[in-house]
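Below is one structure, written out as structure tokens; comments come after it.
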Amino acid sequence: MIHHHRASLLVHQHRKGEAAAEDALPAEEPGGGRMKELRGRLADYACQHRKHGHDALLRMLAGFALVSCLLLLLPGSPVSATMDELLQLGRRARHDDGAPAPPCADVANDTVCCDRTALRTDVCVMRGHVRTQAASNSLFLLLPPNSSRPATDEHIRPYTRKWESSIMSTIDELRLRSAPEGAPSRCDVRHDVPAVVFSTGGYTGNVYHEFNDGIIPLYITARHYNKKVVFVMLEYHDWWMTKYGHIVEQLSDYPPIDFTNDRRTHCFPEAVVGLRIHDELAIDAARMPANQTIQDFRLMLDDAHRGRIQTIIEEKKEAAAARRQEHRGSKRSRQRSKTALAEKPRLTIISRNGSRAIENEAELVRAAAGAGFRVAVLQPRQDTELARMYRALNASDVMVGVHGAAMTHFLFMRPGSVFIQVVPLGTDWAAETYYGEPARRLGLRYLPYKILPSESSIYRKYANDDPVLTDPDTVNAKGWQVTKQVYLDGQNVRLDMARFRRRLRQAYDHWAQRHRAGLGVEQRIYH
Numbered sequence: 001m002i003h004h005h006r007a008s009l010l011v012h013q014h015r016k017g018e019a020a021a022e023d024a025l026p027a028e029e030p031g032g033g034r035m036k037e038l039r040g041r042l043a044d045y046a047c048q049h050r051k052h053g054h055d056a057l058l059r060m061l062a063g064f065a066l067v068s069c070l071l072l073l074l075p076g077s078p079v080s081a082t083m084d085e086l087l088q089l090g091r092r093a094r095h096d097d098g099a100p101a102p103p104c105a106d107v108a109n110d111t112v113c114c115d116r117t118a119l120r121t122d123v124c125v126m127r128g129h130v131r132t133q134a135a136s137n138s139l140f141l142l143l144p145p146n147s148s149r150p151a152t153d154e155h156i157r158p159y160t161r162k163w164e165s166s167i168m169s170t171i172d173e174l175r176l177r178s179a180p181e182g183a184p185s186r187c188d189v190r191h192d193v194p195a196v197v198f199s200t201g202g203y204t205g206n207v208y209h210e211f212n213d214g215i216i217p218l219y220i221t222a223r224h225y226n227k228k229v230v231f232v233m234l235e236y237h238d239w240w241m242t243k244y245g246h247i248v249e250q251l252s253d254y255p256p257i258d259f260t261n262d263r264r265t266h267c268f269p270e271a272v273v274g275l276r277i278h279d280e281l282a283i284d285a286a287r288m289p290a291n292q293t294i295q296d297f298r299l300m301l302d303d304a305h306r307g308r309i310q311t312i313i314e315e316k317k318e319a320a321a322a323r324r325q326e327h328r329g330s331k332r333s334r335q336r337s338k339t340a341l342a343e344k345p346r347l348t349i350i351s352r353n354g355s356r357a358i359e360n361e362a363e364l365v366r367a368a369a370g371a372g373f374r375v376a377v378l379q380p381r382q383d384t385e386l387a388r389m390y391r392a393l394n395a396s397d398v399m400v401g402v403h404g405a406a407m408t409h410f411l412f413m414r415p416g417s418v419f420i421q422v423v424p425l426g427t428d429w430a431a432e433t434y435y436g437e438p439a440r441r442l443g444l445r446y447l448p449y450k451i452l453p454s455e456s457s458i459y460r461k462y463a464n465d466d467p468v469l470t471d472p473d474t475v476n477a478k479g480w481q482v483t484k485q486v487y488l489d490g491q492n493v494r495l496d497m498a499r500f501r502r503r504l505r506q507a508y509d510h511w512a513q514r515h516r517a518g519l520g521v522e523q524r525i526y527h
């Protein structure tokens, strides 16, 4: 179940004050006058010794180079400070390829920086000698004995729903401390790449939240490391790694660390604690290296599942060959039937049990077949292998389903495919916000089907003029629990097939147009 929140409560504050955050030009530091005097003397020297030709010029250049090097290396000199600033600017330019760097993107050594400006998440960066201590739920930044930096003590719950106090209270809290002493005295495991620390708790177990709150933010946070990063997981789940391990391997070359149960002291040169998040199932290209988008994320999903899917295909071929051995008689007729099916567009129905089920699903299957589709029905379960879902939907031209967490699987479809979301009463805003707009950003043809009151099971429970049927916004304004009880948990749909066939025709026409243009076929890599 998705935990809804109104748009008015999610006015994004990521960019608030970005213009005001630009650094002011530094004032001239002590020693600036000496620099001007030095430049003047060197210029006078060059002018006075022009008649001596190349020898004088070489002596002047050698002297200038020597003084320049000394100034660059001398701590506190204005040239040294300027060069440090230039290096910081270079790091910022490399970080986002021209995109504005987020707060704490550039952190000096021996520093803890926490960005708490975003509405959805907190992110802290520790740079220097970072050490883990699972027993105290702490990460230490070990400062040099002569460091002038003050000790730091921060607390963070590394999960991307910080406005939702009820779920955040279930997330383990980490303590981040910087101090010259008190940290573990030795490193049991020394890493030469950064760590990204996050929780796989919260609403994990719901596919929407697994992607929106976890997988996509992990991609946003870690992609620019080019796999040279270690993931440190709070509330580690074996089943989560079984399900998403192929994706994790696309983002990191290293095995993840179970923070709670791995009692060894791990040492890192840097740690990012918490994940960055942009929007619902979204990636903001302006805030990503090389302007990466949700379509780049989907290509990464392709790479993640390719190997396992090829194995599934080979297994199916072997099973089919075994069946053919048993039934050799009607080979020619089966071949003609297979060819005819291959020419039809594929439509996959995501089936639901319990609430928001399609009561006349069998009728929907017949109608879709009659409209010219090759129809499959999928009913995802908690233990359904993700690669099998990915294969089925990547090969589909159309996906049909009722609003709910399983609609997250539109991420597995090829750009240009069709997504028909059945929108029950009272779910218009959520259907558009969580799935409609994200599907368009992925490049899908989104066709919402908003049901009439007569197509809802609650039509049989309430009078025709009841606000539950006539004014769902008023009912939703009473709060999440009312919405959940009335519209999410208490409603099924019975499609008016005369109305719904129009959506099927639109989907078929869209496929036919692309098929005639030769689009989409080459993208389908999983048959």
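Under the UniProt record's numbering, the first residue of the sequence shown carries the number 1, and numbering increases by one thereafter. Idealized CB from N, CA, C, for every residue including glycine.
Per DSSP, reduced to three states, the secondary structure at Arg502 is helical. In this structure, the alpha-carbon of Pro102 lies about 15 Å from that of Arg223. Your pair Thr265 and Asp192 does not check out as a contact, with CB atoms roughly 16 Å apart and the cut at 8 Å.
Here Arg157 is buried: its Cβ has 16 or more other Cβ atoms, across all protein chains shown, within 10 Å. Beta-bridge analysis with DSSP links Glu270 to Arg127.
By alpha-carbon distance to Ala290, the top candidate from Phe268, Asn226, Lys316, Leu347 is Asn226.
Within the same chain, Cβ atoms closer than 6 Å to the Cβ of Phe198 are found at Pro158, Leu275, the five residues on either side in sequence being excluded.
In the three-state reduction of the DSSP assignment, Glu361 falls in the helix class.
The continuous stretches of alpha helix (DSSP H) do not include Val422, which lies in the beta strand (DSSP E) extending over residues 418-423. If you look at Tyr244, you'll find it in the alpha helix (DSSP H) that goes 238-251. In the DSSP assignment, Tyr390 falls within the alpha helix (DSSP H) that extends over 386-394.
Residue burial is scored here from C-beta neighbours: Lys243 has at least 16 other C-beta atoms within 10 angstroms and is therefore classed as buried.
When the five nearest sequence neighbours on each side are left out, the beta carbons in the same chain lying within less than 8 Å of the beta carbon of Ile171 are those of Arg157, Pro158, Tyr159, Ser199, Gly201, Gly202, Leu234, Glu235, in order along the chain. In the DSSP annotation of this structure, the continuous segment of the alpha helix (DSSP H) that includes Leu442 starts and ends at 437-442.
Non-local C-beta neighbours of Asp496 in its own chain, meaning closer than 6 Å and more than five positions away in sequence, comprise Glu455, ordered along the chain. If you draw a straight line from the Cα of Glu181 to the Cα of Thr221, it is about 30 Å long. Exposure of Leu452 is indicated by the presence of fewer than 16 other C-beta atoms within 10 angstroms of its C-beta. Between the alpha carbons of Val248 and Glu385 lies a distance of about 15 Å. For Arg190, the pairing in a beta bridge is given by DSSP as Cys267. When the beta-carbon positions are compared, Gly436 and Tyr446 come within less than 7 Å of each other. The Cβ neighbour count for Asp471, taken over all protein chains shown within 10 Å, is under 16; the residue is labelled exposed. Judged by DSSP secondary structure, Pro448 falls within the beta strand (DSSP E) whose first and last residues are 445-450.
Pairwise C-beta distances place the stretch 419-426 in contact with the stretch 396-406, as three or more of them are shorter than 8 Å. As a beta-bridge residue in DSSP terms, His155 pairs with Arg175. Closest in C-alpha terms to Asn492, from the list Ile458, His155, Phe259, Ala507, comes Ile458.
CA-to-CA, the gap between Ile313 and Ala387 works out to about 11 Å. By the neighbour-count criterion, in which 16 or more other beta carbons inside 10 Å mark a residue as buried, His510 falls on the buried side.
As summarised for the stretch 462-497, the continuous alpha helix (DSSP H) elements at least 4 residues long and confined to that stretch are 467-470, 472-476, 480-483, given in chain order. With fewer than 16 other Cβ atoms from the protein chains shown falling within 10 Å of its own Cβ, Pro144 counts as exposed. Thr348 is bridged by DSSP to Ala376, Met399.
Judged by their CB atoms, Phe297 and Ile283 are nearer to each other than the 7 Å cut-off. For Thr132, the number of other beta carbons within 10 angstroms of its own is at least 16, and it is reported as buried. Less than 7 Å divides the Cβ of Phe231 from the Cβ of Val196. In the structure shown, Lys162 adopts coil according to DSSP, grouped into three states. Under the DSSP definition of a beta bridge, Phe231 partners with Val196. Setting aside the 5 residues that flank it on each side, Leu347 is surrounded in the same chain by Ala368, Phe373, Val375, Val398, each with a C-beta closer than 6 Å to its C-beta; the list follows chain order.
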